[in-house]
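Participant: Sending over a structure as structure tokens; questions will come in a sec.
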Amino acid sequence: MADYRLPAELWAIIFEYACTDTGATGRALSLTCVHFRELARRVRLQCVAVVGAHQIVTFEAYLRTLPPDERQVRHIFISSCPQTLSPDAPTAHTHVCRMPNSSGYYAVIEAYRSLLELVAPTLLTCYFSHSIARLSHLLPVSMPHLKSLVLHGPKPTWFVRSTQRFPELQRLIFAGFCDYAPESIDDLWAAAPAVECLYLALKYPTRHLVTDLRASLRRRPRDTHSLRWRVRAGVSGEESLSPMPGNVQLITIQVGERPPHGDLAICHMNVLRALQQLADEDPRLVIEEPKACIHHTDTELDWLANY
């Protein structure tokens, strides 16, 4: 083919710009011809989507077969359940250990951790939509160059202090959660000290978000209810939250869809009002209009559209 006369460096640039989808373009280039496969081998996996328990296990096994220069993943979407875009979407609500071809719940968790270890040296952005158990509030593996992280799904209810570090993480999004361990806020600033933008998209109002934000902003001490949480975790009740780092420039909060009626609707209204009052005091806080949280089977669409 006449097009093969293009310099290899030019082909590499073309393929780098082309391989920015779910990984489909990279797979197509690998199957086109040996020449294209060789030229694209360092960029064909730079942007990938790993959807469902079976793909988590198989992609981790595939990465293990590659030399380091061929597993340079820079942007990744991981979902522990199938997505609207995937052909097996009807199994979206199936528990992870019962999904077709899954090797079992614990095998998926181990493969997930190993997958992250393999891509950690080059990863820049990560979107994780999860329904599997987590002990870490961020990721279970340190990411030296990670810039943006989205975690969609419930937060761990059991507090385990992070030993992982994310020194270059600037943009952090938590979405689709209802509650969290208060101690995780202190843990966040230690694990990701360079965070500039924090986005919280709640599924429902959480019990102590307002008091924790107020304490972290040094508005006033935390209330006794929040202090009791720290005592249970073995932290002195006299302590308050660490101050929010000065590099935090923007905290955006979305408290979820308004319930139609009942006690939850009253709670939602009170939380929203308190957050708006706090935002009036601190320009870093932005309160968005309430809306429904993105469903966990639509997170791949969100990743493709916004990240």
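Going by this note's numbering, 320 is the number at position 293 of the sequence shown; the sequence numbering is gapless.
Don't be surprised by glycine CBs; every beta carbon is placed ideally from N, CA and C.
Computed from a prediction, not measured in an experiment: that's the story for all the values here.
#1: Under 8 angstroms by Cβ, that's how I've got residue 199 and residue 225 pegged, so tell me the actual separation to the nearest angstrom.
#2: Considering only DSSP beta bridges, list what residue 156 is partnered with.
#3: Is residue 48 buried or exposed, if buried means 16 or more other CB atoms sit within 10 Å of its CB?
#4: Residue 85 lies in the alpha helix (DSSP H); which residues open and close that run?
#5: Just the C-alpha distance for residue 163 and residue 171, rounded to the nearest angstrom, thanks.
#6: What span of residues does the alpha helix (DSSP H) with residue 42 cover, start to end?
#7: Do residue 229 and residue 281 have their C-beta atoms within less than 8 angstroms of each other?
#8: State the start and end residues of the unbroken alpha helix (DSSP H) segment that holds residue 63.
#9: State the DSSP-derived secondary structure class of residue 304, mapped to helix, strand or coil.
#10: Along the alpha helix (DSSP H) that carries residue 132, what are the first and last residues, could you check?
#11: Does DSSP put residue 212 in a helix, in a strand, or in coil?
#12: Is residue 66 closer than 8 angstroms to residue 35 when the C-beta atoms are compared?
#13: Ignore the nearest five residues each way along the sequence and tell me which others in residue 327's own chain have a CB closer than 8 angstroms to its CB.
#14: By how many angstroms is the C-alpha of residue 203 removed from the C-alpha of residue 45?
#15: Can you tell me the Cα-Cα spacing of residue 192 and residue 32, whole angstroms?
#16: Which of helix, strand or coil does DSSP assign to residue 294?
#17: Taking Cβ to Cβ, would you say residue 101 is nearer than 8 angstroms to residue 149?
#18: Checking 8 angstroms against the spacing of the C-beta atoms, do residue 168 and residue 80 come in under that value?
#19: Measure the Cβ-Cβ separation of residue 323 and residue 158 and say whether it is below 8 angstroms.
#20: Could you compute how far the alpha carbon of residue 140 sits from the alpha carbon of residue 183?
#21: What number of angstroms, rounded off, separates the C-alpha of residue 211 from the C-alpha of residue 218?
#22: For a test of the three-state rule: what should DSSP assign to residue 313, helix, strand or coil?
#23: Return yes when the Cβ of residue 313 is within less than 8 angstroms of the Cβ of residue 279, no when it is not.
#24: Which of the three DSSP states is assigned to residue 219 in this structure?
Facilitator: Put simply:
#1: 5 angstroms
#2: 106, 179
#3: exposed
#4: That run of the alpha helix (DSSP H) goes 80 to 91.
#5: 17 angstroms
#6: 35 to 45
#7: yes
#8: 61 to 67
#9: helix
#10: 132 to 146
#11: helix
#12: yes
#13: 49, 76, 78, 104, 106, 110, 111, 112, 113, 156
#14: Within the model, the alpha-carbon separation for residue 45 versus residue 203 is close to 31 angstroms.
#15: As the crow flies, the alpha-carbon of residue 192 is around 46 angstroms from that of residue 32.
#16: Residue 294 falls in the helix class under three-state DSSP.
#17: Taking 8 angstroms as the cut-off, the beta carbon of residue 101 is found closer than this to the beta carbon of residue 149.
#18: no
#19: yes
#20: 16 angstroms
#21: Rounded to whole angstroms, residue 211 to residue 218 spans 10 angstroms at the Cα level.
#22: Strand, per DSSP.
#23: yes
#24: coil
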